[in-house]
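Numbering (this note's numbering), first residue to last: 1 to 170.
What follows is a single structure, written as structure tokens, with notes after it.
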């Protein structure tokens, strides 16, 4: 469902948005990005930007707040059932399944946030970090090879979304 409230969602023609996803208000989905089944993106209090090739997986919730826009960087993966609220996530990051990233947090490029982790309000996570736990803690800096993992995940979802778009045209 696409709902015009506090602005109309803008979706690139090359992006995939599943028919059971809900996009409300000031939501921008860029080229080759994807929003999967049951995901809810509520831009009813601020802007949500899903950059090129980013993917928001099934049953995730993304919500902005007053003065707390959400930016999901290029090629970033938001795992199944994650909650993203009023924060900034850099390029080619991976937010694990069921993880929570709270208001005003900043996640650097090429970070991996482990499944179920809770990144507290206002936390600043340096680029290339592996973060786990409740509350979330940086446990190590990723090697250059490990930092490439989210890029592979991104490309898998770009290809998958192309196939879904093609199937929808039939």
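Idealized CB from N, CA, C, for every residue including glycine.
Quantities reported herein were computed from a predicted structural model and do not represent experimental measurements.
Secondary structure of residue i, DSSP reduced to three states
i           : result
residue 161 : helix
residue 152 : helix
residue 42  : strand
residue 19  : coil
residue 10  : strand
residue 167 : helix
residue 68  : strand
residue 146 : helix
residue 49  : strand
residue 120 : coil
residue 140 : strand
residue 80  : coil
residue 248 : Here the chain comprises residues numbered 1 to 170, so residue 248 is not present and cannot be evaluated.
residue 59  : coil
residue 133 : coil
residue 110 : coil
Nearest-angstrom Cα separation, counted from residue j out to residue i
i           : j           : result
residue 49  : residue 13  : 15 Å
residue 16  : residue 69  : 22 Å
residue 152 : residue 136 : 24 Å
residue 139 : residue 24  : 36 Å
residue 59  : residue 144 : 31 Å
residue 129 : residue 92  : 12 Å
residue 55  : residue 168 : 18 Å
residue 159 : residue 166 : 11 Å
residue 148 : residue 5   : 38 Å
Beta-carbon proximity of residue i to residue j, cut-off 8 Å
i           : j           : result
residue 251 : residue 51  : Not covered by the structure: residue 251. The range shown for the chain is 1 to 170.
residue 127 : residue 96  : no
residue 120 : residue 142 : no
residue 157 : residue 77  : yes
residue 22  : residue 29  : no
residue 94  : residue 150 : yes
Exposed unless 16 or more other CB atoms sit within 10 angstroms - verdict on residue i
i           : result
residue 170 : exposed
residue 37  : exposed
residue 53  : buried
residue 1   : exposed
residue 123 : buried
residue 81  : buried
residue 134 : exposed
residue 46  : buried
residue 43  : buried
residue 67  : exposed
Cβ distance (whole Å) where residue i is taken to contact residue j below 8 Å
i           : j           : result
residue 87  : residue 74  : The Cβ separation is near 16 Å, so there is no contact.
residue 115 : residue 79  : 7 Å
residue 131 : residue 154 : Contact flag wrong, Cβ pair sits at about 19 Å.
residue 83  : residue 100 : 5 Å
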